[in-house]
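Numbering (the numbering used here), first residue to last: 3 to 211. Backbone N, C-alpha and C fix where the C-beta goes; we use that ideal spot for every residue, glycine too. Just so it is clear, the structure is predicted and the values come from calculations on it, not from any experiment. Below is one structure, written out as structure tokens; the observations come after it.
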């Protein structure tokens, strides 16, 4: 099951990124299917990503709709939004863990969470100073303290999407044909060959709580 946030929390950016986000979700779907063969992500399968904020809003409605009530397999969650080493859509690992617990990951039987956001499992290839904490580790710690045994994965650097707008009839849509994991081009270690680009299926790390 794929869950997503749109614009970053607190963003003053007025540009509507819905079209770009939709393109990213489809690219993640195809790349995860090529790697993991999850049936839900297959090209011919019914596939519906869910907006996290709308799901949280639905908890205030009657009857209450929780994670297991949505289409898709809740045992494996793919989360997508803007992120960095500390936050996902502006929220800490503890905050996202609380959101997911409120949405019902316990009752849904979630076993794996893949946080498809930039640098949430940031780790340099070469030895050196380490970040005190990383988002995926904070999320994993929260889940463990809540008594949940769920594996949490994240990309070790920036999640890049290669592609852009393509014409579709009289309109345009975002199509990304390649997703990979790599530092920024200006990263000094990358320039010096100490850091490298990873294929989509190579650059993911398992969090350790």
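Residue span of the alpha helix (DSSP H) that contains residue i, given as start and end
i: residue 37; result: 20 to 38
i: residue 57; result: 54 to 60
i: residue 41; result: Here residue 41 belongs to no alpha helix (DSSP H), and DSSP marks it neither H nor E.
CB of residue i within 8 Å of CB of residue j, strictly
i: residue 83; j: residue 6; result: yes
i: residue 181; j: residue 155; result: no
i: residue 197; j: residue 187; result: no
i: residue 184; j: residue 204; result: no
i: residue 90; j: residue 79; result: no
Cβ-based burial, residue i [other Cβ within 10 Å; buried from 16]
i: residue 145; result: buried
i: residue 164; result: exposed
For residue i, the first and last residue of its enclosing beta strand (DSSP E)
i: residue 208; result: 206 to 208
i: residue 7; result: Unbroken run through residue 7: none, as it is neither H nor E.
i: residue 114; result: 114 to 118
Same chain only: Cβ atoms within 7 Å of residue i, ignoring 5 sequence neighbours per side
i: residue 47; result: 41
i: residue 133; result: Its pLDDT being 46, under 50, residue 133 is placed unreliably in this model, and the value from its coordinates should be taken loosely. Within the same chain, residue 133 has close Cβ partners 87, 124.
i: residue 96; result: 140, 144
i: residue 70; result: 76, 106, 109, 110
Sequence-distant residues of its chain with Cβ nearer than 6 Å to residue i (five each side left out)
i: residue 16; result: Note that residue 16 has pLDDT 45, beneath the 50 cutoff, so the model's placement of it is unreliable and no number is given.
i: residue 191; result: 197
Nonlocal neighbours in the same chain, by C-beta distance under 8 Å from residue i, ignoring five residues either side
i: residue 160; result: 120, 121, 183, 184, 185, 186
* To do: Let me know the beta strand (DSSP E) ranges lying completely inside the region 137 to 176, each 3 residues or longer, listed in chain order.
  => Whole beta strand (DSSP E) segments, 3+ residues: 153 to 157, 160 to 170.
* Please go through the region 64 to 106 and give each complete beta strand (DSSP E) segment of 3 or more residues, from N-terminal end onward. => Qualifying beta strand (DSSP E) stretches, in chain order: 78 to 82.
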